[in-house]
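Step one of this worksheet: look at the structure below.
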Amino acid sequence: MIRVRLAPTGVFGRDHSWAVIESAAPAPRWRIREDPRALWVVVGDLRVRIGRDPCRIAFETPGGDRLAADTLSKGMSWDGAEVRCYKQLREGDHVFGLGERGGGLDKRGAVWLNWNHDAAEHEPWTDPLYQSHPFFFVLNNGTAYGIFFDNAHRSSFDMGKLAREYYSFGADGGELNYYIIPGPSPKDVLRRYGELVGTTPLPPSWALGYQQSRFSYSSAASVRRIARRLRAGRVPCDAIYLDIHYMDGFRCFTWNKQRFARPARLMRDLDKLGYRAVCIVDPGIRKEPGYRVYDEGLAGDHFCRNDGGAAYVGKVWPGETVFPDYTRSATRRWWGDVHRELVETGVAGIWNDMNEPADFTFSHGTVPMTVRHNNDGEPADHRACHNVYGMQMSRATFEGLRRMRPNERPFVLTRAGYAGVQRYAAVWTGDNLSSWEHLRMSIPMLLNMGLSGICFCGADVGGFRGRPSPELYARWLQLGVFYPLYRTHTAGGPQQDPAAFGGAHLRLNRRAVELRYRLSPYIYSQMRECEASGMPLLRPLLLEFPDHPEVHKCDDVFMFGDQLLVAPVVHEGAKTRTLTLPSGEWYAFEGGERYEGRREYEIRVGPATIPIFARAGAVIPMQDVLQHLDRRPPEQLTLRVFPGNGGGRYYNDDGVNYAYREGAFLLEEYGVARSARSLAVRLIRRTGHEEFGPRSYAVRFVGVPDAPARVLYDGKPIRPFAGTRGWRRADRGWRYDRRGRAVCITSRAWREGAVFDVQFRP
Ligand code: GLC
């Protein structure tokens with residue numbers, strides 16, 4: 004990666020970033036070459052050409068491709084405090100990234116703004132939204148490069164709207180400071196971007212379960228009701244959210260004494276039922292002498308000031324409010340510590356909202372630009388700090404939770420953020436509507452966030468404003484199975500949860516949520532990949548098929564991890580679903596039917612159908628349905644194996660702490676091979692500790708049209724079971740499931756290197 008900084012005055016300002024993390028990697032070796040017309044900086048196999056007059060920068064790959072070349076006419080520019088950079092746009096360039104956005108996946112041809120905004124009634128075309136991610140990549144003919152413009156001021160990206168032949172990015176202040184991130188594949192760009200700004204740390208396993216929220220479950224009794232209703236309906240669920248009504252007069256870090264008389268007891272009871280509680284915390288602190296948080300904040304000089312020097316007073320839910328200055332390290336520390344009571348009460352996760360920050364005083368929705376911030380020691384006004392305010396709030400929260408519970412991974416959810424926010428919090432897409440359009444819109448939006456480094460994200464299932472029909476809600480729950488953050492939330496009105504729509508819908512909804520839990524070993528394994536390599540769980544086809552331009556704009560079909568493809572039903576009353584599969588060979592996830600890639604299919608869908616396809620040779624680790632994600636490893640790990648040559652992996656750890664970073668985990672890697680007469684899966688490698696492994700395995704080869712002749716383990720035949728009785732408990736055995744067209748093997752043990760081999764008659 005190469006960084007470019009421009010100092011129009013000849014003097015560089017402070018070198019400071021909210022996004023970029025310290026790198027442990029040694030600085031690469033580089034050389035400079037000069038000729039009368041240009042300087043060449045050579046780093047590895049990348050060459051940077053810096054034209055002398057005019058000063059123009061371009062990057063050359065070993066193959067001679069010129070990437071991210073400044074336009075000849077403009078290059079870099081400044082005007083007062085404004086800075087801008089212009090780069091050539093080639094025929095066939097497509098632009099992806101830029102974080103939380105409406106519209107389709109390809110961002111070429113429009114202007115995009117970064118200015119965190121409480122976009123309460125947003126539509127698909129509303130821009131900006133709540134988050135700022137000044138990162139994108141350009142994909143052309145399978146080859147990609149990325150740009151990260153590390154500037155937290157209001158910035159804009161004109162991706163070829165003003166002119167077809169160039170794009171530009173700039174900001175109304177701060178430095179022209181950007182990184183060029185070489186590919187060649189989009190995955191390479193994402194991985195490097197992850198090295199630059201950090202990736203999503205593995206969340207506590209419960210946070211990957213289903214979560215239930217509402218504005219608000221406004222009394223302990225209503226919290227208990229929903230907790231019981233879901234368990235009575237056997238709807239798996241891991242978390243229940245408390246929105247602002249748990250507080251006393253919307254004062255953060257207080258409890259309403261009437262409606263939540265004994266919060267610690269409520270937390271204990273929820274825990275017994277297998278739920279964690281997540282509480283909302285807003286930045287707006289009620290201005291009220293005598294209220295502890297206000298008094299402490301004032302004494303510690305923790306609030307943002309207006310230019311007169313007094314604490315700035317705005318308006319949010321509690322009325323007159325002041326705003327902690329999270330850009331000050333002492334304030335972040337204090338804010339983290341203020342959570343102690345919530346933590347001691349037994350609250351598991353913290354939900355940061357309104358942290359753009361939202362302020363109802365002005366029509367522009369945020370605090371005045373004259374508001375002062377500490378800005379990590381170099382005081383600045385709000386223009387410099389607006390876009391990082393929310394991120395620094397969730398950072399303060401995350402770091403506080405880590406200090407108070409060093410042996411637990413924090414769970415923080417945030418609405419606002421800047422590049423790098425993924426290190427601290429999951430993100431949800433704010434106040435959407437209960438409509439089919441918003442259900443559809445959530446897909447490219449979340450895919451795009453994944454392409455911008457935000458792996459742990461979700462949209463409010465069922466829609467926040469309005470009432471979903473039972474059908475819309477059911478389809479949304481089915482889609483939400485694949486949202487990394489799977490949460491129903493609503494602004495009130497009738498109950499909106501899987502058990503709220505009556506008998507037939509309860510069964511339908513339960514099936515969707517159960518699928519999430521059955522897939523949880525796969526999901527957890529893939530989330531570990533997010534942390535390690537920055538690859539999102541929910542990912543667009545272009546990431547897996549960069550050479551396949553027909554699927555690049557596809558925004559209603561997506562990959563779930565690297566093995567599964569999902570074509571959710573997104574239209575009311577749909578009886579069929581049309582989709583084009585990317586190249587290769589595919590298998591229906593449930594029935595195992597075979598499909599050819601690069602062809603269009605119209606498949607019939609019933610109310611419960613979720614069209615999912617697996618790559619040939621995929622291995623999907625699964626487990627039986629649980630009512631909530633347990634800390635213990637699954638009793639039995641089911642590996643669903645699809646015909647072909649391929650493989651898969653299973654990762655597990657204790658789901659709670661950070662010991663996995665010191666080796667307390669289990670990783671199994673499998674290889675699948677197919678020949679004319681056999682289908683085999685090998686445990687290639689087992690690393691780590693068996694205590695995180697299952698007690699037994701169920702290997703299910705799907706898409707097997709005929710009963711096999713025999714099944715071998717480690718070269719020796721294993722016993723067939725005629726019926727289904729006893730086979731699950733046996734030490735080792737197999738049976739053929741004719742209706743499911745699957746060979747099912749159970750085995751207590753599986754030695755590293757050993758193969759399960761299904762052999763057919765010649
Ligand atoms: C904002 C949030 C929403 C929350 C509400 C009340 O609108 O986006 O999720 O329920 O505030 O706290």
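So in this note's numbering, spot 473 of the sequence shown is number 476, and the numbers just go up one at a time. Beta carbons are placed, not taken as given, at the ideal position from N, Cα and C, and that holds for glycine.
Problem - Alpha-carbon to alpha-carbon, alanine 314 and tyrosine 329 - result: Locating residue 329 in the sequence shown gives position 326, counting from the first residue. Locating residue 314 in the sequence shown gives position 311, counting from the first residue. Using only the alpha carbons, I get a separation of about 14 Å.
Practice task
Starting from glutamine 481, trace the alpha helix (DSSP H) both ways and give me its first and last residue.
Solution key: The residue you call residue 481 lines up with position 478 of the sequence shown. Unbroken alpha helix (DSSP H) run through glutamine 481: 473 to 483.
Exercise for the section: Using three-state DSSP, classify proline 321 as helix, strand or coil. Expected result: Taking the sequence shown and counting its residues from 1, one reaches residue 321 at position 318. In this structure, proline 321 counts as coil in the three-state DSSP scheme.
Problem - beta strand (DSSP E) runs contained entirely in the region 159 to 204, provided each spans 3 or more residues - result: 169 to 174, 179 to 185
Handout entry: Backbone secondary structure at asparagine 143 - three-state DSSP
Key = As a first step, residue 143 is located in the sequence shown; it is residue number 140 there, counting from the start. Looking at asparagine 143 - three-state DSSP - the assignment turns out to be strand.
Handout entry: Cβ-based burial, arginine 69 [other Cβ within 10 Å; buried from 16]
Key = Here residue 69 corresponds to residue number 66 of the sequence shown, with the count starting at 1. It is exposed - the Cβ of arginine 69 has fewer than 16 other Cβ atoms within 10 Å.
Problem - Check whether glutamate 103 and methionine 452 have beta carbons under 7 Å apart - result: Taking the first residue of the sequence shown as position 1, residue 103 is located at position 100. Taking the first residue of the sequence shown as position 1, residue 452 is located at position 449. Against a cut-off of 7 Å, the Cβ pair of methionine 452 and glutamate 103 comes out as a contact.
Practice task
Locate the beta strand (DSSP E) running through isoleucine 5, then write down its first and last residues.
Solution key: On the sequence shown, residue 5 is found 2 positions in, with the first residue counted as 1. 5 to 9 is the extent of the beta strand (DSSP E) around isoleucine 5.
Problem - Touch test, the region 485 to 495 against the region 144 to 161, Cβ-Cβ under 8 Å, three pairs minimum - result: no
Problem - Where the beta strand (DSSP E) through alanine 41 begins and ends - result: For this step, residue 41 is matched to residue 38 along the sequence shown. Note, alanine 41: beta strand (DSSP E), 41 to 46.
Exercise for the section: Give a single yes or no on whether aspartate 109 has its beta carbon closer than 6 Å to a heavy atom of the ligand GLC. Expected result: Working through the sequence shown from its first residue, we reach residue 109 at position 106. Checking every heavy atom of the ligand GLC against the Cβ of aspartate 109, none is found closer than 6 Å.
Exercise for the section: Indicate whether serine 536 and tyrosine 654 have their beta-carbon atoms separated by less than 7 Å. Expected result: Residue mapping note: residue 536 aligns to position 533 of the sequence shown, counting from 1. Residue mapping note: residue 654 aligns to position 651 of the sequence shown, counting from 1. Taking 7 Å as the Cβ cut-off, serine 536 and tyrosine 654 do not qualify as a contacting pair.
Practice task
Return yes when the Cβ of alanine 22 is within less than 7 Å of the Cβ of valine 200, no when it is not.
Solution key: As a working mapping, residue 200 is identified with position 197 in the sequence shown. As a working mapping, residue 22 is identified with position 19 in the sequence shown. Yes, the pair counts as a contact, with Cβ atoms nearer than the cut-off.
Problem - Three or more C-beta pairs below 8 Å linking the region 427 to 437 and the region 461 to 470 - result: As far as the Cβ criterion goes, the region 427 to 437 touches the region 461 to 470, which means the pair count is three or higher.
Problem - One or two residues paired with glutamine 498 in a DSSP bridge - result: In the sequence shown, the residue the question calls residue 498 occupies position 495. As DSSP reads the structure, glutamine 498 sits in no beta bridge.
Handout entry: Exposure of glutamate 694, with buried meaning 16 or more beta-carbon neighbours within 10 Å
Key = By 1-based counting over the sequence shown, the position of residue 694 is 691. With fewer than 16 Cβ atoms within 10 Å of its Cβ, glutamate 694 is classed as exposed.
Problem - heavy atom of the ligand GLC below 6 Å from aspartate 356 C-beta - result: Residue mapping note: residue 356 aligns to position 353 of the sequence shown, counting from 1. Checking every heavy atom of the ligand GLC against the Cβ of aspartate 356, one is found closer than 6 Å.
Handout entry: Close beta carbons around arginine 698, own chain, < 7 Å, minus the five adjacent residues each side
Key = Stepping through the sequence shown from its first residue, residue 698 is reached at position 695. Once the five neighbours on either side are set aside, the close Cβ partners of arginine 698 are Glu638, Gln639.
Problem - Sequence-distant residues of the same chain with beta carbon closer than 8 Å to glycine 95, five excluded per side - result: Numbered from its first residue, the sequence shown carries residue 95 at position 92. Asn143, Asn144, listed in sequence order.
Practice task
Within the same chain, show all residues whose beta-carbon is closer than 7 Å to that of tryptophan 320, passing over the 5 residues directly before and after it, in chain order.
Solution key: Indexing the sequence shown from 1 puts residue 320 at position 317. Counting only Cβ-Cβ distances below 7 Å, and skipping sequence neighbours, we find Ile247, Phe253, Asp285, Gly287.
Practice task
Just the C-alpha distance for arginine 602 and alanine 570, rounded to the nearest angstrom, thanks.
Solution key: Locating residue 602 in the sequence shown gives position 599, counting from the first residue. Locating residue 570 in the sequence shown gives position 567, counting from the first residue. Straight-line Cα distance between these residues: approximately 14 Å.
Practice task
Could you please give the first and the last residue of the uninterrupted beta strand (DSSP E) stretch that includes tyrosine 527?
Solution key: By one-based count along the sequence shown, residue 527 stands at place 524. Unbroken run through tyrosine 527 is the alpha helix (DSSP H), 523 to 536; no beta strand (DSSP E).
Handout entry: Helix, strand or coil at glycine 393 [DSSP, three-state]
Key = On the sequence shown, residue 393 is found 390 positions in, with the first residue counted as 1. In the structure shown, glycine 393 sits in a helix (DSSP, three-state: H, G or I).
Practice task
Grab the span of the alpha helix (DSSP H) containing methionine 448 for me, first residue to last.
Solution key: As a position in the sequence shown, residue 448 is number 445, starting the count at 1. It spans 439 to 453 - the alpha helix (DSSP H) in which methionine 448 sits, taken as one unbroken run.
Handout entry: Continuous alpha helix (DSSP H) stretch holding valine 226: start and end
Key = Translated into positions along the sequence shown, residue 226 becomes position 223. Element bounds for valine 226: 223 to 235.
Practice task
Indicate, with yes or no, if the ligand GLC has a heavy atom lying under 6 Å from the CB of isoleucine 721.
Solution key: In the sequence shown, residue 721 corresponds to position 718, counting from 1. Not so, every heavy atom of the ligand GLC lies at least 6 Å from the Cβ.
Handout entry: phenylalanine 218 CB to nearest heavy atom of the ligand GLC below 6 Å
Key = Taking the sequence shown and counting its residues from 1, one reaches residue 218 at position 215. Indeed, a heavy atom of the ligand GLC lies less than 6 Å from the Cβ.
Handout entry: Bridge partners - threonine 74, DSSP secondary structure assignment
Key = Position 71 of the sequence shown, counting from 1, holds the residue named residue 74. None; threonine 74 has no bridge partner.
Problem - glycine 78 vs arginine 59 beta-carbon contact at 7 Å - result: Residue 78 sits at position 75 when you count from the first residue of the sequence shown. Residue 59 sits at position 56 when you count from the first residue of the sequence shown. Yes.
Exercise for the section: With tryptophan 338 as the anchor, note down where its alpha helix (DSSP H) starts and where it stops. Expected result: Your numbering for residue 338 matches position 335 in the sequence shown. Run containing tryptophan 338: 332 to 341, per the alpha helix (DSSP H) assignment.
Practice task
State the CB to CB distance for the pair threonine 400 and isoleucine 446, rounded to an integer number of angstroms; the pair is presumed to be in contact (CB under 8 Å).
Solution key: For this step, residue 400 is matched to residue 397 along the sequence shown. For this step, residue 446 is matched to residue 443 along the sequence shown. Not confirmed; about 29 Å, so no contact.
Practice task
Taking only heavy atoms of the ligand GLC into account, decide whether any of them is closer than 6 Å to the Cβ of glycine 483.
Solution key: As a first step, residue 483 must be located in the sequence shown, where it is residue number 480. Glycine 483: no, Cβ never under 6 Å from the ligand GLC.
Handout entry: Sequence-distant residues of its chain with Cβ nearer than 7 Å to proline 765 (five each side left out)
Key = As a first step, residue 765 is located in the sequence shown; it is residue number 762 there, counting from the start. Once the five neighbours on either side are set aside, the close Cβ partners of proline 765 are Arg680.
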